[in-house]
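**Student:** The opening position of the sequence shown corresponds to residue 4 in our numbering, with each subsequent residue numbered one higher. Positions of the beta carbon are idealized from the N, C-alpha and C atoms, including for glycine. These numbers come from a predicted model, not from an experiment. Take a look at the following structure, please.
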Amino acid sequence: MFFPPLCPLVPVVPPAPDLLSPVSLLFVVGFLFGLAGPQLKNRRQMMGCKFMGDSMMGLYLLIVGGTSGGCGALIAATGAFIQAMTPLHYLHKTVWIRIGAAVILSAISIYFVYKTPLDILPLSMVVICRFGELQSKAQHIRYVYFVTSFPWMLYHFLNGFYLPLIYISIGAVSLLVSILRHHRRVYSAPLTPTSDA
């Protein structure tokens, strides 16, 4: 009797040797920065971690073929870098620079890399996040990042980018934990002009 060969399961995590490859290490380091950022109390520190995580994740996606997602992550990294380098009292002076740059770069990216409607998802979420970053409070920014993580999940899932999908999913959980952890402190502590949480 003939028995058809069993179809091997496609591993979500690469084989052990691949975990030591430069591409996998790029993902892992970006993953760690992405998880650490939302747990920080200071807005500028959180944006610094986000810059590192988004930069590495953007490069990873470009390498594995997620062109629109990679462009979106790198645009997000640019906005995070500007925020990390901007003191709180100058934050609103860079508002329209960040938003304008995100809109223009996203439009350019869509023009050059658009293949399917899925390509619009990550780039539009980048623009929404830039508007969310108008807030000077880190807690408000966490809310925006949490909500916009779900379209990113859909993008990664439908494109078969399983490692970034796991990253975004864990990141969403991390954001939710951080939101709950900081909620009482943010809304019960008296606001001061130098408050950056």
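Examine the ligand ZN and report whether any of its heavy atoms sits within less than 7 Å of the Cβ of LEU77.
**Tutor:** Ligands are entirely absent from the displayed structure, and the ligand ZN is therefore not among its contents.
**Student:** Around the C-beta of TRP99, are 16 or more other C-beta atoms found within 10 angstroms, so that it is buried, or is it exposed?
**Tutor:** By 1-based counting over the sequence shown, the position of residue 99 is 96. It is exposed - the Cβ of TRP99 has fewer than 16 other Cβ atoms within 10 Å.
**Student:** Buried or exposed: where does TYR202 fall if 16 or more other Cβ atoms within 10 Å of its Cβ makes it buried?
**Tutor:** Because the chain is modelled from 4 through 200, residue 202 falls outside the range shown and cannot be assessed.
**Student:** Run through DSSP, which three-state label would THR197 get?
**Tutor:** As a working mapping, residue 197 is identified with position 194 in the sequence shown. A caution first: THR197 carries a pLDDT of 45, below 50, which makes its placement in the model unreliable, though a value can still be read off. Note: THR197 maps to coil in three-state DSSP.
**Student:** For TYR117, which of helix, strand or coil comes out of DSSP?
**Tutor:** Sequence index remark: in the sequence shown, residue 117 carries index 114 (1-based). Coil, per DSSP.
**Student:** At what residue ranges does the segment 103-180 contain a whole run of the alpha helix (DSSP H), taking only runs of 4 or more?
**Tutor:** Taking only runs of at least 4 residues, the alpha helix (DSSP H) segments lying wholly in the segment 103-180 are 123-135 and 141-162.
**Student:** From what residue to what residue does the alpha helix (DSSP H) around GLY56 run?
**Tutor:** Start at 1 with the first residue of the sequence shown, and residue 56 comes out as number 53. Segment 46-67, the alpha helix (DSSP H) holding GLY56.
**Student:** Answer with yes or no whether the minimum CB distance from ALA83 to chain C is below 8 Å.
**Tutor:** The structure shown contains no chain C; it is built from a single protein chain.
**Student:** Is the number of C-beta pairs between the segment 37-45 and the segment 110-127 that are closer than 8 Å three or more?
**Tutor:** No: fewer than three Cβ pairs fall under 8 Å.
**Student:** Please classify ARG46: is it buried, with 16 or more other beta-carbons within 10 angstroms of its beta-carbon, or exposed?
**Tutor:** Reading the sequence shown from its first residue, position 43 is the one you call residue 46. Its Cβ being crowded by 16 or more others within 10 Å, ARG46 is buried.
**Student:** If you check the beta carbons only, do GLY56 and LEU77 fall under 8 Å apart?
**Tutor:** The count along the sequence shown starts at 1 and reaches residue 56 at position 53. The count along the sequence shown starts at 1 and reaches residue 77 at position 74. It is not a contact, given that the beta carbons lie outside the stated cut-off.
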